[in-house]
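When we follow my numbering, the leftmost residue of the sequence shown carries the number 12, and every step to the right adds one.
Every residue, glycine too, gets a C-beta built ideally from N, C-alpha and C.
Predicted model only: the values in this text are computed from it and were never measured.
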Amino acid sequence: MTTLAGASPLALHDAETLTDDALRDLFAYPADLGSPLFRANFIASIDGAVTLEGSGRKLGTPTDRRVFGRLREVADVVLVGATTACSAPYVDIGMSPEAQAWRLSRGLAATLPVAVVSSRGIVPPAVLGNATVPPVVFVSANADPVLRRALDQSDARVIELAGDRISSAAIRSALGELGLHRVLVEGGPTLFSQFVSDNEIDELCLTTSPKLVCGPARRIAAADQHVEINMQRRGILAGADGTVIVRWARY
Ligand SMILES: NC(=O)c1ccc[n+]([C@@H]2O[C@H](COP(=O)([O-])OP(=O)(O)OC[C@H]3O[C@@H](n4cnc5c(N)ncnc54)[C@H](OP(=O)(O)O)[C@@H]3O)[C@@H](O)[C@H]2O)c1
């Protein structure tokens, strides 16, 4: 693997010099996970905006899209809130033959489900209708009864959890019971903010898109109460398109 600054885990990698398999190896979760590891993946502008004209995808760059795909390919499950689940990338998390080969060689399932967290029971029909890899749905015990019936009639693995706002610990515990340990949290900011506030995030892969956007956009995490979690840098990936991706892990 080519690096710009030595071979340490803190190295600066030049994205263009890495093959897809090298990227998968770079972002592989620890092999011996006995419980869920929550890794979040976000993109933000240089000035911290999480959306451009209301969409996170509009901040995307070729390097980001490439790494976004590889991060999915090394995970057991993609975890999102109900609003993010309504956007196109969650309809079908396809795996190329190369990605499936990498996964199988490392003991992962060939494909992975999306897991949606919802208090009301809102899961887009296109996600619910994925019969190849049915989604997991973490739904509040107080969900809308009509929406709940539709969930129960689908192929989804529906897991009812207490409270209107399902607790971060309950989500972690339910994923552990399902044996889904390599957790990729793709947002959105509401779900991620709760995980940060509850001190439940283990890693963050943060892409900086080479744009200043100003405007009314939110940041990746916000809460009424101040929270401080010390993180250490585990690697930097730089793309020729100006993208910078930093992998942060808690101490
Ligand atoms: N830049 C990026 O990397 C990125 C990543 C993801 C999303 N985004 C952007 O962020 C925006 C969406 O943000 P968002 O914060 O609304 O998305 P979100 O976190 O995906 O969805 C929020 C919804 O998810 C459900 N939910 C979240 N946590 C829950 C909990 N603990 N218990 C029960 N239900 C829970 C609730 O839905 P119900 O109450 O309706 O059930 C809540 O209204 C979009 O514009 C998207 O483009 C950007």
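Euclidean distance between Cα positions of residue i and residue j
| i | j | result |
| --- | --- | --- |
| G80 | D235 | 33 Å |
| V264 | R117 | No answer is possible for residue 264: it lies beyond the span of the chain, which begins at 12 and ends at 262. |
| T28 | C216 | 19 Å |
| G250 | P221 | 10 Å |
| A55 | V196 | 15 Å |
| A260 | A33 | 20 Å |
| A16 | D25 | In this predicted model, A16 has a pLDDT of only 38, less than 50, meaning its place in the structure is not dependable; the value taken from the coordinates is given anyway. Roughly 9 Å separates the two Cα atoms. |
| G45 | F149 | 21 Å |
| P41 | E188 | 19 Å |
| T13 | D75 | Caution applies to T13, whose pLDDT of 35 falls short of 50 and renders its modelled position unreliable; the value that the coordinates give is listed next. Cα to Cα, T13 sits roughly 19 Å from D75. |
9 Å Cβ cutoff met for residue i and residue j
| i | j | result |
| --- | --- | --- |
| L90 | V169 | no |
| L248 | V78 | yes |
| T122 | M106 | yes |
| V85 | A137 | no |
Minimum C-alpha distance to residue i - residue among the options
| i | options | result |
| --- | --- | --- |
| D87 | G226, V150, R114, I231 | R114 |
| T201 | D209, A232, S178, L189 | A232 |
| I240 | S204, G253, T218, R229 | S204 |
| P47 | S179, L70, G65 | S179 |
| I6 | T143, R258, G65 | With the chain covering 12 to 262 only, the question about residue 6 has no answer from this structure. |
| D166 | L186, V125, S184, G174 | V125 |
| T254 | N141, L223, V238 | L223 |
| R83 | V102, A60, A112, F38 | F38 |
| R229 | G187, G67, V147, R35 | G67 |
| C97 | S208, G199, V85, L70 | G199 |
| A110 | I256, Y262, D31, V138 | D31 |
| L119 | D43, E171, T62, G140 | D43 |
| V238 | A185, F206, T219 | F206 |
N- and C-terminal bounds of the alpha helix (DSSP H) containing residue i
| i | result |
| --- | --- |
| Q205 | 200 to 208 |
| R114 | 108 to 116 |
Start-to-end residues for the beta strand (DSSP E) that takes in residue i
| i | result |
| --- | --- |
| E214 | 214 to 220 |
| I247 | 242 to 249 |
| E84 | Careful: E84 lies outside any beta strand (DSSP E), inside the alpha helix (DSSP H) at 73 to 84. |
| S129 | 125 to 129 |
Given 8 Å as the limit, is there contact between the stretch 128 to 143 and the stretch 158 to 177, that is, 3 or more CB pairs closer than that? Touching, yes.
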